[in-house]
Amino acid sequence: MTKSQGFIKNFMWAIILFALPLPLTFAVSNGIDPYYQASMVSINFGIYAYVWMLAAIFLASRPQWIENTIGLPSKFMTNGLAATMVLVIVELHATSLQALGLAAASGQAAFMMVNGLAAYAIIFAAAWLVKRVPALQFVKKAFAPFQSAKAANWINGALAATVAVTFVHVASISYINAIPAFMFFFVAYTLVGFAPAARSIVARIADSRKAKATK
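Counting with full-length UniProt numbering, you get residues 1 to 215 for the letters of the sequence shown.
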């Protein structure tokens, strides 16, 4: 693939990733109580962060039908750039909104988990940034032994756990779960995002049972 083709593919994915959350943002803006309208920008930050994390989980399975049509985005875009943007908008979201009870606890937990995941992704995927920051080069070398296929599986699991905690956070916010259209899209997006991973787990369980049956 030439540089121009790679640029065009990543540009297409940039449009897709910015467009994906729009149904949820429209549903919130049309259904939210007028009292919370002033918080819409911060709410939208949270929506974008959630959808992009779901997209990362979905694309980690490398769906063949996407790879055969428009092609998958580069590792830099899905891990380095996307992680940086998710970290920024999560920071803005967390510092602009207040929550209580379960929504506050789950939100704080998700916030810390996102910070850890984003730091890992930026160090190991954003080569352009690491090359320019000596401190990051040192950290990358120090953690290089942990950069393996097994570590990648742990990171994917941590991302799935982060999304699950974020799901609880959003579902616990009274003025958000009171919007039927948003909750429909919210649950639908979550199911689609986890579908490839769920199929993979089911397939592994089936293979394991077959292997035991043949022994």
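Quick reminder that beta carbons are idealized off the backbone N, C-alpha and C, glycines included. Quantities reported herein were computed from a predicted structural model and do not represent experimental measurements.
A contact is defined here as three or more CB-CB pairs under 8 Å, and the segment 20-30 fails this definition with respect to the segment 85-92. Within a 10 Å sphere around the beta-carbon of Val192 sit fewer than 16 other beta-carbons, which makes this residue exposed. The beta carbon of Ser29 sits closer than 7 Å to those of Met40, all from its chain and outside the five residues before and after it, given in chain order.
By the neighbour-count definition (other C-beta atoms within 10 Å, threshold 16), Ser200 is an exposed residue. In the DSSP annotation of this structure, the continuous segment of the alpha helix (DSSP H) that includes Ala27 starts and ends at Leu22 to Gly31. Contact between the segment 100-112 and the segment 150-165 is established, with three or more Cβ pairs separated by less than 8 Å.
Lys210 and Ala197 have their C-alpha atoms roughly 20 Å apart. The Cβ-Cβ distance between Ser42 and Leu102 does not fall below 7 Å. Under the 10 Å beta carbon count, Val187 is surrounded by fewer than 16 other beta carbons and is classified as exposed. Judged by beta-carbon spacing, His93 lies beyond the 7 Å limit of Phe58, meaning their Cβ atoms are not closer than that value. Secondary structure note for Ala99: it is in no alpha helix (DSSP H), with a DSSP letter that is neither H nor E.
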